[in-house]
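Note sheet for the following structure.
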Amino acid sequence: MVGLPDSGAFLEKRFAGLTNVEIYSKFGNESYNFTNYEWGYQVGLLGEKLEIYKEQNLNNVEWNKYEDPSNHTTLTWYKVVFDSPKGNDPLALNLSSMGKGEAWVNGNSIGRYWVSFLTSKNEPSQSL
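So, in structure tokens, the structure goes:
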């Protein structure tokens, strides 16, 4: 929704958005009114709250075997455990297949990332 605040302190306590929600079926005269349902805004992620990016908390959730990430459209946590290479050479973590997210190594956030795609005009889809 354009023009509404999307960040800041106590965002979950701000009221904004739809006040009357009714969905009509394209088949027949059915309609569903959701106006009196409780609507809310969830702040944060359960994985962050449980700190599953820390080794001691990895077993606080049930992990599934890896699936092709192109099948996921919702937020998905991935974990991998590997032995670090010997030596003091710098390491690179290739996240180009991941789209957008935040990377954690040894319980420390190494930052957010997103892949910048080119539009049909051959221009970046995101810029600073």
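Numbering of the sequence shown is given in the working numbering, commencing with residue 3 and proceeding in unit increments. Using N, Cα and C, we set each Cβ at its ideal position, and we do this for glycine too. None of the values given here were measured: they were computed from a predicted structure.
By DSSP's criteria, residue i is part of a beta bridge. Which residues make up the other side?
i    : result
V107 : N110
I25  : Y34
Could you check what DSSP says for residue i in three-state terms: helix, strand or coil?
i    : result
L130 : With a pLDDT of only 47 at L130, under 50, the local geometry of the prediction cannot be trusted, and the value read off the model is given with reservation. The answer is coil: DSSP assigns L130 none of H, G, I, E or B.
N35  : strand
V117 : coil
K102 : strand
N96  : coil
L60  : helix
G49  : helix
K123 : coil
K88  : coil
K67  : coil
K15  : helix
L20  : coil
M3   : With a pLDDT of only 47 at M3, under 50, the local geometry of the prediction cannot be trusted, and the value read off the model is given with reservation. Residue state, collapsed to three classes: coil.
Among the options, whose alpha-carbon lies nearest the alpha-carbon of residue i?
i    : options               : result
W79  : N38, E64, G89 and S33 : E64
N35  : M100, K15 and E24     : E24
Y55  : I112, D91 and M100    : I112
Y115 : S27, S122 and S98     : S98
N110 : S86, K28, G30 and E53 : E53
D70  : M100, S122 and K28    : M100
Y68  : V83, L20 and E50      : V83
K102 : T76, Q58 and S86      : T76
N38  : G46, E32 and N22      : N22
Since I believe residue j is in contact with residue i (beta carbons under 8 Å), could you give me their beta-carbon distance rounded to a whole number of angstroms?
i   : j    : result
L93 : A105 : In fact, because the Cβ distance is near 12 Å, the residues do not count as touching under 8 Å.
L48 : K81  : Actually they do not touch by this definition, with Cβ atoms about 15 Å apart.
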